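A quick write-up on the structure given underneath.
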Amino acid sequence: MIMSRVQVAELFEAASAGGYAIPHFNHSDFWDMSAIAEAAQESKAPIFIACLPKVIDAIGIEKLGAVGKITMEQSKTPIIYHLDHCHNADICFAAIDNGYNSVMIDASHSSLKENIETVKKVVQYAHARGVHVEAEIGQIKSAGDEGNTVISGKATADDARVLVKETGVDALAVAFGSEHGFYTHKPELDFELLRQVRQVVPVPLVLHGGTGIPEEDVRRAIDNGIRKVNVGTHIRCTYIGAVKQAIEEMGTQTHTADIMAFAKDQVKTVVKQWIKTCRADGKS
Ligand code: 13P
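Structure follows, in structure tokens:
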């Protein structure tokens, strides 16, 4: 089923009532996308499957939108197909026109005023088409493709409140100490800041940079109001590592489908672990 913005909001309400977060997994191609979707169904968990604009550049928005649509339609558990960390409103519009039912407009690198203006534009276009929108406040450090900052800049609760109030955005990624990619030090999440933001922001809060955050900290973040947990690097590195291992063990003449079956199994195991960490399987 393809979920409208209202249905996505209902999913978040259920997560809030149940004390869990909806896991979000970044994919790179059709093999890992199907691994993620299968793992979600086997765990009976609602999830977001997301791609970065880099993946759109590599594969094409029409193909991704079409496969995302079929994946959502065929799934027995709710899947939301999401565009992650898009810095360009026009690409958000194109994603919406090609069947994505959620987009993240990330203008967190600009001033609060510019961030609000950009988010407003996307919200207006998306809401008229029943599509869910996420924005970001503060700067979540990234050495990769997620952002364009190599320094962390924590959000303030007041900026978060103003951005949500002025834009009508549906979900908010908050910079409270997490980073994209592997950590070079122990992650230090600012739970006090998260609590302050939760008190003044009525929409679901999103934890970015899931890779490398210890399970107890992810759980503590969920207990303090996080309703979506984004994981990218852990999925991608598991996938690439598994393909490498399969080729080493089976040889280059092995059929691609057999190599990928091996890789998919490993990706599924990691996805299922994260679903449990988020308590999204209803049992953890
Ligand atoms: P990681 O790659 O650190 O897991 O972060 C992913 C993310 O936040 C995508 O939005």
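Residue numbers (the numbering used here): 117 to 400.
Where is the CB? At the ideal position from N, CA and C, for every residue including glycine.
Just so we're clear, the structure is a prediction, and the values are computed from it rather than from any experiment.
Extent of the continuous alpha helix (DSSP H) to which ASP173 belongs: Where ASP173 is concerned, the enclosing alpha helix (DSSP H) stretches over 169-175.
If I measure Cβ to Cβ from GLU282 and keep anything under 6 Å in the same chain, skipping five residues before and after, which residues do I get? ILE232
Which of the three DSSP states, helix, strand or coil, is assigned to TYR216? coil
Is there at least one non-hydrogen atom of the ligand 13P closer than 7 Å to the beta-carbon of HIS243? no
VAL249 and ASP286 closer than 8 Å at C-beta: yes
DSSP on ASP381, reduced to helix/strand/coil? helix
Have a look at LYS257, VAL290, ARG277, ASP374 and flag the residue whose alpha-carbon is nearest the alpha-carbon of ALA271. VAL290
Along the chain, where does the beta strand (DSSP E) containing ARG249 start, and where does it finish? Looking at the sequence provided, one finds Val at residue 249 rather than Arg. 248-253 is the extent of the beta strand (DSSP E) around VAL249.
Endpoints, alpha helix (DSSP H) assigned at HIS198: Counting along the chain, HIS198 falls outside any alpha helix (DSSP H), though it belongs to the beta strand (DSSP E) covering 195-202.
Classify ILE186 as buried or exposed, calling it buried when 16 or more other Cβ atoms lie within 10 Å of its own Cβ. exposed
Just confirm the distance between the C-beta atoms of ILE141 and VAL347, as a whole number of angstroms; I'd bet it's less than 8 Å. The amino acid occupying residue 141 in the given sequence is Phe; Ile does not appear at that position. Indeed they touch by this definition, with Cβ atoms about 6 Å apart.
Own chain, CB closer than 8 Å to PHE307, minus 5 neighbours either side, in chain order: PHE292, ARG336, ALA337, ASN340
Label THR354 either buried or exposed according to how many other C-beta atoms from any shown protein chain fall within 10 Å of its C-beta, with 16 as the threshold for buried. buried
Does the Cβ of GLN190 have 16 or more other Cβ atoms within 10 Å, making it buried, or fewer, making it exposed? GLN190 is classed as exposed because its beta carbon has fewer than 16 other beta carbons within 10 Å across all chains shown.
DSSP three-state assignment for LEU127, whether helix, strand or coil: helix
Mind checking which residues open and close the alpha helix (DSSP H) that includes ARG311? 307-316
In chain order, what residues place their C-beta within less than 6 Å of a heavy atom belonging to the ligand 13P? ASN142, ASP200, HIS201, GLU262, HIS296, GLY297, HIS324, GLY325, GLY326, THR327, ASN346, VAL347, GLY348, THR349, HIS350
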